[in-house]
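Per this note's numbering, the sequence shown starts with residue -18, numbered consecutively. By construction, the Cβ of each residue, glycine as well, lies at the ideal position given by its N, Cα and C atoms. Note that the structure is a prediction, hence the values are computed from the model and not measured. Written below as structure tokens is the structure these notes are about.
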Amino acid sequence: MTLADRVLSGDLRAMARAISLIEDEDPASADIVRAIFPRTGRAYLIGVTGPPGAGKSTLVDRLVSEFRQRRPLLDTREGSVGVGPHALSVGVIAVDPTSPFSGGAVLGDRLRMQAHAGDEGVFIRSMATRGHLGGLARATGDAALVLDAAGKDVIVIETVGVGQDEVDIIRTADVSVVTLVPGTGDEVQALKAGIMEIADIFVVNKADREGADRLMSAVEANLALQTYGSEEWRPPIVKTIATSGQGVPELVETIWRFREHSASGQAARRHKRSEFRLRELVSQRFMDHLERDLLKAGELSELVDRIALREVDPYTAANELLARAGLKKC
Ligand SMILES: Nc1nc2c(ncn2[C@@H]2O[C@H](COP(=O)(O)OP(=O)(O)OP(=O)(O)O)[C@@H](O)[C@H]2O)c(=O)[nH]1
Ligand SMILES: [Mg+2]
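See below:
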């Protein structure tokens, strides 16, 4: 049996191995994706983002419990409400911004989600961002494909909403949940990061803390600046206390409500996801080809130096590179 076959049969160790290959950008990972791809597209992707320490992992942990314990309101395979006597199988990918400041977060996430250790229906995996210059969204997307192919009904991707990578990841999920917490000036931060625009659902977590209602109002005021058509989804705001689980059933219901509402929009979202992945892949392949096959060692770096020294402008430099690859200048 190949690794891909074992992934398809839901073998946990094979899934972990496949994701490690993806994380390491091992050439074998492309073969795995190739082999499993026809069997993907069934899982529902939930993106959860928000500032550091907002309680995302705690919330995701609670979401997982909801998906596991409750009779699902909506069976993702059948696509209809109220069917499916079984708990949903869940995959979690926690994207960890491995910075000097949060080096312990991977371990922290693992510990926090240990409630699900031993539950075969739950697969939790952290992915480090170190070394993934821009390829993080792809690595995360490929990891999600592995979980999807392995038969997970729901895949939750947790990212810290700080950079473009994270926004890219969340933008391409089937539903984006943006988590905010009171008392940290998040309103401003979130607006800055462009996160407001990508939210399908807002969560005001740590509602046990002071300022939760103020934050609700601030988000509400922000939403009021937009106009929504009568058929259009207006992002709801769900108040939660992740530590106690309060508000989490409402969040799950809101997610399913969004899913029903966006059934037609989901195809467009997935189209965007495919396009993003294709563009990203071609760009990366092109640069790899250029650096590996066409340029001498250090040549790209020299060209960058010349730009920095203002000896050449970036447009001319880019044209030079395109010409080297035998492509017309633009
Ligand atoms: N008071 C209170 N504390 C909470 C709540 N939710 C989470 N916390 C606490 O907030 C801290 C951070 O929680 P995490 O779940 O690790 O937050 P996170 O957003 O995943 O953090 P990073 O992944 O490091 O960005 C932990 O100490 C949690 O126990 C809540 O609703 N109320
Ligand atoms: Mg976390």
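Okay, do the segment 200 to 211 and the segment 219 to 239 touch, 3+ Cβ pairs below 8 Å being the bar?
Contact between the segment 200 to 211 and the segment 219 to 239 is absent, because fewer than three Cβ pairs lie under 8 Å.
Gly28 in three-state terms, based on DSSP:
Of the three classes helix, strand and coil, the one that applies to Gly28 here is strand, per DSSP.
Does the segment 184 to 199 come close enough to the segment 216 to 228 that 3 or more CB-CB pairs lie under 8 Å?
yes
Once you ignore the five residues that flank Asp294 on each side, which residues in its own chain have a CB closer than 6 Å to its CB?
none
Taking the alpha carbon of His242 as the reference point, which residue from Arg287, Ala120, Pro216, Asp129 has its own alpha carbon closest?
Pro216
Within 10 angstroms of its Cβ, does Thr(-17) collect 16 or more other Cβ (buried), or is it exposed?
Its Cβ having fewer than 16 others within 10 Å, Thr(-17) is exposed.
Does the beta-carbon of Gly210 have 16 or more other beta-carbons within 10 angstroms, so that it is buried, or is it exposed?
exposed
Among Glu261, Arg195, His270, which residue has its Cα nearest to the Cα of Leu117?
Each of Glu261, Arg195, His270 was checked against the Cα of Leu117, and the nearest Cα belongs to Glu261.
Helix, strand or coil for His261 per DSSP?
Note that residue 261 corresponds to Glu in the displayed sequence, not to His. It is helical.
Where Pro217 falls: helix, strand or coil (DSSP)
coil
The beta strand (DSSP E) enclosing Leu161, as first and last residue numbers:
156 to 161
List the residues that DSSP assigns as beta-bridge partners of Thr140.
Thr30
Val87 (DSSP reduced to helix, strand or coil)
Caution is warranted here: a pLDDT of 48 is assigned to Val87, below 50, making its placement in the model unreliable, and the coordinate value is therefore given only provisionally. Helix, per DSSP.
Shortest alpha-carbon distance to Arg(-6) belongs to which of Pro163, Leu290, Ala131?
Ala131
Helix, strand or coil for Ala9 per DSSP?
helix
Distance, Glu292 Cα to Gly28 Cα:
44 Å
How about Lys37: is its Cβ closer than 6 Å to a heavy atom in ligand 2?
Indeed, a heavy atom of ligand 2 lies less than 6 Å from the Cβ.
Just to check, is the beta-carbon of Val159 closer than 6 Å to a non-hydrogen atom of ligand 1?
no
Length-filtered (3 minimum) beta strand (DSSP E) runs lying within the segment 176 to 201:
Listed in chain order, they are 182 to 185.
Kindly give me the distance between the Cβ atoms of Lys37 and Thr160, rounded to whole angstroms, as I take these residues to be in contact under 8 Å.
5 Å
Who are the Cβ neighbours of Leu92 in its own chain at under 8 Å, not counting the five residues just before and after it?
Since pLDDT at Leu92 reaches only 49, below the 50 mark, its modelled position is unreliable, and no value is offered.
Nearest CA to the CA of Arg43: which residue from Phe104, Ala124, Glu234, Pro230?
Pro230
Please name the residue in Asp(-8), Glu234, Val148, Arg15 whose C-alpha comes closest to that of Gly31.
Val148
Any heavy atom of ligand 1 closer than 6 Å to the CB of Lys187?
Yes.
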